[in-house]
Amino acid sequence: MANDTQILKGLLEGCILKIIKDNETYGYEICEKLIQYGFKDVSEGSVYPLLIRLQKKKLLSSVMKKSSLGPMRKYYYITQEGEKELSDFIDLWSDIKKNIDRVLEG
1032 MANDTQILKG LLEGCILKII KDNETYGYEI CEKLIQYGFK DVSEGSVYPL
1082 LIRLQKKKLL SSVMKKSSLG PMRKYYYITQ EGEKELSDFI DLWSDIKKNI
1132 DRVLEG
């Protein structure tokens, strides 16, 4: 697909919100979780700009915390606005998935 990168970015925002809603976490760990879920081409270079964008939209907030393994880390947590956005994303994805499944089962 020619423009799969743009599609992926939109989907990743929703996935990142869900990962952070489940547990306050930091950027590298978010990348690792996305890879575990099967997003093989995801890198920190693609995730960090999304985290910044989500913060600018006030969907995420962050706090610096000490790490037992080295320097302080920026931990992200979801805001109320982020929870609403995640709920909307889940509803939209559910509708899109149903429609695509119908087409593919044709």
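Going by our numbering, the residue at position 94 of the sequence shown is 1125; the numbering climbs one at a time, nothing skipped. Glycine included, each C-beta is placed from N, C-alpha and C at the ideal position.
Roughly how many angstroms lie between the CA atoms of L1090 and G1101, to the nearest whole one?
-> 28 Å
For E1116, is the classification buried or exposed, using 16 other Cβ atoms within 10 angstroms of its Cβ as the cut-off for buried?
-> buried
With DSSP collapsed to three states, give me the class of V1094.
-> strand
Tell me the DSSP bridge mates of G1101?
-> S1098
So what does DSSP say about Y1106, is it helix, strand or coil?
-> strand
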